[in-house]
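Numbering (numbering that gives the first Met the number 0), first residue to last: 0 to 254. A virtual CB, placed ideally from N, CA and C, is assigned to each residue, including glycine. Scroll down for the structure; my scribbles are underneath it.
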Amino acid sequence: MKLFDLSGKVAIVTGGNGGIGLGMAEGLAEAGANIVIAARNQEKSAQAVRLLKKHGTKVLALSCDVAEPESVKAMVESVIAHFGAIHILVNNAGINIRKPAEDLSFEEWRKVLSTNLDSAFICSQACYPHMKSAGGGKILNNGSMLSIFGSSWGAPYSASKGGMVQLTKSLAAAWAKDNIQVNCFLPGFIETPLTETARAQIPDVDEKVVNNTMAKRWGQPEDMKGIAIFLASSASDFITATAIPVDGGFSALLY
Ligand SMILES: NC(=O)c1ccc[n+]([C@@H]2O[C@H](COP(=O)([O-])OP(=O)(O)OC[C@H]3O[C@@H](n4cnc5c(N)ncnc54)[C@H](OP(=O)(O)O)[C@@H]3O)[C@@H](O)[C@H]2O)c1
């Protein structure tokens with residue numbers, strides 16, 4: 000058995016058309032998995048499909064709003080109609096609305112929570128019966144440094160990402176009987192469209208990130224390939240319910 004081989008596996012990556020999701024989808028495709036990109040912007044998805052197809056596996060882009068149960072149900076049905084199975088789910092899609100807590104509307108709070116956290120529950124529950132009937136599965140939940148730390152501009156984001164860690168533990172406990180491993184990964188600061196806006200909105204963010212990251216640099220989407228392959232493959236079969244930083248040392252550095 001090749002520990003990191005994903006040949007023949009079917010992996011859904013939510014928000015897989017850019018940023019971290021695309022980096023992880025590339026890693027999974029390089030390891031042999033067929034990829035489903037589930038996201039809203041179909042132009043971006045079409046570009047991602049072209050990139051991913053270079054790895055020689057099958058790639059399918061499906062339009063999906065992960066915060067909407069009916070949209071997720073339709074996406075999962077299409078995956079089954081196309082590939083006949085689901086083995087890997089990466090709950091990656093996410094947004095941020097950066098504002099001081101006192102200025103946030105309830106609608107903004109709900110939008111971040113539903114996109115980042117409700118989505119992981121909805122997608123995991125929709126995939127569960129198919130993983131069970133496949134004899135097992137791997138669910139990878141995208142957390143954040145804000146799963147650990149707080150921030151004055153990120154109340155709903157940090158609540159959603161802290162919730163991701165706890166959701167991970169509970170789904171892992173619930174579905175261990177079905178040979179489904181559920182893990183969370185906590186990216187540090189990765190250069191993507193999401194953090195491009197952070198650079199514009201938060202003073203000194205670049206300096207703070209570089210100074211507080213042991214690796215002394217921002218992460219790139221390619222830095223997320225390894226954790227994707229590891230947590231999606233049989234190399235991690237005895238690993239479940241964890242939250243693993245992929246942060247160049249950010250979460251362990253005091254000064
Ligand atoms: N970049 C970082 O430093 C960092 C650090 C920690 C955690 N993260 C997490 O990593 C994940 C990806 O973020 P990113 O940095 O790669 O930013 P990004 O490039 O903006 O990616 C966000 C992705 O989520 C998708 N998405 C957003 N809302 C969606 C919805 N309702 N339904 C379906 N897809 C949706 C977007 O695709 P469409 O717009 O096409 O739908 C996009 O592909 C997020 O969960 C984020 O919180 C990022």
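Buried versus exposed, by CB contacts within 10 Å (16 or more), residue i
| i | result |
| --- | --- |
| lysine 207 | exposed |
| leucine 253 | exposed |
| proline 202 | exposed |
| phenylalanine 188 | buried |
| asparagine 95 | buried |
| asparagine 211 | buried |
| serine 6 | exposed |
| glycine 248 | exposed |
Within 7 Å, strictly: CB atoms of residue i and residue j
| i | j | result |
| --- | --- | --- |
| leucine 145 | serine 157 | yes |
| glycine 136 | histidine 81 | no |
| alanine 28 | isoleucine 19 | no |
| leucine 185 | glycine 134 | no |
| methionine 74 | alanine 37 | yes |
| glycine 31 | glutamate 221 | no |
| glycine 83 | leucine 116 | no |
Closest by C-alpha distance to residue i, when choosing among the options
| i | options | result |
| --- | --- | --- |
| lysine 215 | Ile94, Leu230, Asn115, Asp205 | Asp205 |
| cysteine 126 | Ile79, Pro99, Leu103 | Ile79 |
| lysine 160 | Ala172, Ser113, Glu106, Asp177 | Ser113 |
| arginine 49 | Ala172, Glu25, Arg39, Gly31 | Glu25 |
| phenylalanine 105 | Gln41, Asn210, Ala154 | Ala154 |
| isoleucine 147 | Gln165, Gly22, Lys53 | Gln165 |
| histidine 129 | Ile11, Leu5, Ile189 | Ile11 |
| glycine 149 | Gln124, Ser250, Arg39, Lys110 | Ser250 |
| isoleucine 138 | Trp152, Trp108, Ser169 | Ser169 |
| aspartate 246 | Gly218, Phe237, Lys1, Glu190 | Gly218 |
| glycine 17 | Ser235, Ala199, Lys110, Thr194 | Thr194 |
Identified DSSP bridge partners for residue i
| i | result |
| --- | --- |
| leucine 11 | Residue identity differs from the one stated: residue 11 is isoleucine in this sequence, not leucine. Val35, Leu88. |
| valine 245 | Pro186 |
| alanine 45 | Note: alanine 45 sits in no beta bridge, so no partner. |
| glutamine 180 | Lys137 |
| glycine 218 | Ile189 |
| leucine 59 | Val35 |
Q | the segment 44-57 in contact with the segment 67-74 per 3-pair CB rule at 8 Å | A | The segment 44-57 vs the segment 67-74: no contact.
Q: Taking 8 Å as the threshold, find out whether the segment 229-239 comes into contact with the segment 53-61 through three or more Cβ pairs.
A: no
Q. Is the number of C-beta pairs between the segment 183-200 and the segment 234-245 that are closer than 8 Å three or more?
A. yes
Q: Would you check if there are 3 or more beta carbon pairs closer than 8 Å linking the segment 111-127 to the segment 88-100?
A: yes
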